[in-house]
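Numbering (the working numbering), first residue to last: 5 to 133. Glycine residues also receive a C-beta, built at the ideal position from the N, C-alpha and C atoms.
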């Protein structure tokens with residue numbers, strides 16, 4: 005342990021050592037800080053945006069329709085909350101790009117030999133149309 009420093013009053017000690025000219029900003033004696041507070045504004049209620057509601061894999065036409073409907077709902081919710089959530093347009097664009105390039109299969113050409121087994125050639129009910 006270092007030796008104890010013994011300093012006597014007025015003996016080799018500069019009286020200005022204990023003065024900190026900018027320390028007054030940190031002191032709170034006598035200053036009412038509540039006058040610095042502003043009014044509290046209403047915070048927007050942000051509904052959760054479930055990007056996972058849009059399926060990653062589509063096997064039937066009904067799955068494709070449900071996935072497209074969920075994508076529309078999520079995009080609408082993000083558009084309505086664009087002022088409260090940052091960069092919703094980028095989330096919407098990424099969601100739609102992933103949906104149309106990765107999730108939904110690309111239709112085969114009309115003269116393709118496997119056109120009969122194409123995803124988009126499945127029989128469709130009236131409700132799905």
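Query raised in the report: For residue 55, which option in 128, 86, 63, 81 has the closest C-alpha, if you only look at C-alpha atoms?
Result: Selected option, being the one with the closest Cα: 81.
Report task. Using beta-carbon positions only, say whether residue 75 and residue 48 come within less than 8 angstroms of one another. Result -> no
Requested in this report: Return the CA-CA distance between residue 120 and residue 103, expressed in angstroms with no decimal places.
Outcome: Between residue 120 and residue 103, the C-alpha separation is close to 24 angstroms.
Query raised in the report: Got a sec, what are the start and stop residues for the alpha helix (DSSP H) residue 128 sits in?
Result: Residue 128 -> no alpha helix (DSSP H), and no H or E assigned at all.
Query - residue 115, enclosing alpha helix (DSSP H) - first and last residue - result: Note, residue 115: premise wrong, no alpha helix (DSSP H); not H, not E.
Query - Three-state secondary structure assigned by DSSP to residue 94 - result: helix
**Report entry** Closest Cα partner of residue 61 within the set 118, 7, 132, 105
**Finding:** 105
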